Structure formats: C-alpha cells, structure tokens
Amino acid sequence: MQDTEEKYLLETAMGEIMPMKGVHLAEIKIGNKTLQKEEWDSHVDTAQWTKRLILNISQWITCKFRNTNYFFTQALTGHGSFTTYTHRIAKTVNNRCRYCGDTDTPEHTLFSCIRWEVRRGAVKVYLGEDITPDNIIIRMCQSKEKWDAGFNFIIKIMERKEQEERADQNRQ
Ligand SMILES: [Zn+2]
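Numbering-wise (the UniProt record's numbering), the sequence shown opens with residue 1 and increments by one.
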C-alpha cells in the first residue's frame, strides 16, 4: 500500500500528464468510457505501472522536456490499446497480444513484443542502453534529444497499434 505522501506525489504527476483533452484525475475519460476517481484508485495494476515508469517523481516533475499527448498518456497509464486493459472493459474477448499471443500488458507491448523490436533497437541508440520500464523515463528526462526519441518511440507504437486494430475491425 502506498503511504500518503507517495500517493500525493503520484496524483500530482498524474494530474500533470492528464490535463489534455479534458482528462483529469476526478474523472478520467478513456474513449467513450468515463472512470470516476474511485474507480481509478481501485485500478491497482494501472497505478503500479505508472509508478514504475515514473520512478523518480521529482525528476519527472522538474523535467524541462516533458510533454504529453493522447497516445503517450495511454502508454503511461496502461489505459489504451493493451488487451489486458481492453479485455477488462469488455472490448476484446481475451488478453492476448494480436501479434505474438503473449499476455498484452503495456510492458509487453513497449518492452518485449517482437512486433516492435526494430523500433526498440533504434531508440536504444538514442537513449544509450536497452530500455526497460525502470529506465526509459529517467533517460528521456536527460536531454531534449532523448525525450523526443523516447516520446516518438512510444507514441508511434501506440498509434500504429490502434490503426492496425481498426483496420482489422473494419475487415470483420
Ligand atoms: Zn506481442
């Protein structure tokens, strides 16, 4: 269980990544579904994931290069094109990865799925080491060049994944 200060810091950070598109902590809108804050708080897995990515909260808050958008927020919160999430809200029939069949968590998509291996190799050149959930944001906050490389890596995967899902749905 988080202590109060940690919880406050996490909520501050979440508040800062959420303001876009009318998304804020009291009422979190994902697609056509609106989660109430209590609902959000009870999503322990999601909070844990965000907390793991934003390991160094003061670095995150003071990071000069930080920006967010729809796809980046999806990746950071886990509320997006991940079947572990879409299955939970009954949008998909199971929680398997569409590309490899593994359980499709945010960590799987961004850091291990074979579908995005080439992109992962490319971003490694910019960030200077193999990326993991525990180092990517820390690395990105080190320079504008690193931020842009990491940011684009994340949003391009999310964008592409959503496009491919939509294309599949249209074929059905
Ligand atoms: Zn996969």
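Just so it is clear, CB atoms sit at the ideal spot from N, CA and C, and this is done for glycine as well. Please read all numbers here as calculations on a predicted model, not as lab measurements.
Option in the options with minimal Cα separation from residue i
| i | options | result |
| --- | --- | --- |
| Ile154 | Phe111, Arg171, Gly128 | Phe111 |
| Cys63 | Asn170, Gly101, Lys144 | Lys144 |
| Lys124 | Asp148, Gly101, Thr103 | Asp148 |
| Ser58 | Phe151, Ile138, Asn152, Gly150 | Ile138 |
| Leu53 | Asn135, Gly101, Glu129, Leu127 | Asn135 |
| Glu162 | Asn69, Ser81, Gly121 | Ser81 |
| Trp116 | Tyr99, Tyr126, Leu127 | Tyr99 |
| Tyr126 | Phe151, Ile114, Asn94 | Phe151 |
Residue i classed as buried or exposed, judged by whether at least 16 other C-beta atoms fall within 10 angstroms
| i | result |
| --- | --- |
| Asp168 | exposed |
| Thr105 | buried |
| Ile131 | buried |
| Lys91 | exposed |
| Gly78 | buried |
| Gln172 | exposed |
Inter-residue CB distance, residue i and residue j (contact presumed, cutoff 8 Å)
| i | j | result |
| --- | --- | --- |
| Leu76 | Thr50 | 6 Å |
| Ile157 | Arg96 | Wrong, their Cβ atoms sit about 18 Å apart, outside the cutoff. |
| Thr103 | Thr84 | 6 Å |
| Glu159 | Pro133 | Not confirmed; about 20 Å, so no contact. |
| Cys141 | Phe65 | 7 Å |
Cβ-heavy atom distance, residue i to ligand 1, below 7 Å
| i | result |
| --- | --- |
| Thr99 | The sequence shown places Tyr at residue 99, rather than the Thr named in the question. The answer is yes for Tyr99. |
| His108 | yes |
| Arg115 | yes |
| Asp102 | yes |
Beta carbon proximity, residue i to chain D, threshold 8 Å
| i | result |
| --- | --- |
| Tyr126 | No chain D is present in this structure, which holds just one protein chain. |
> For the region 66-128, which segments carrying the alpha helix (DSSP H) assignment without a break, of at least 4 residues, lie completely within its bounds, in sequence order?
Replying inline: 70-77, 83-88, 117-127
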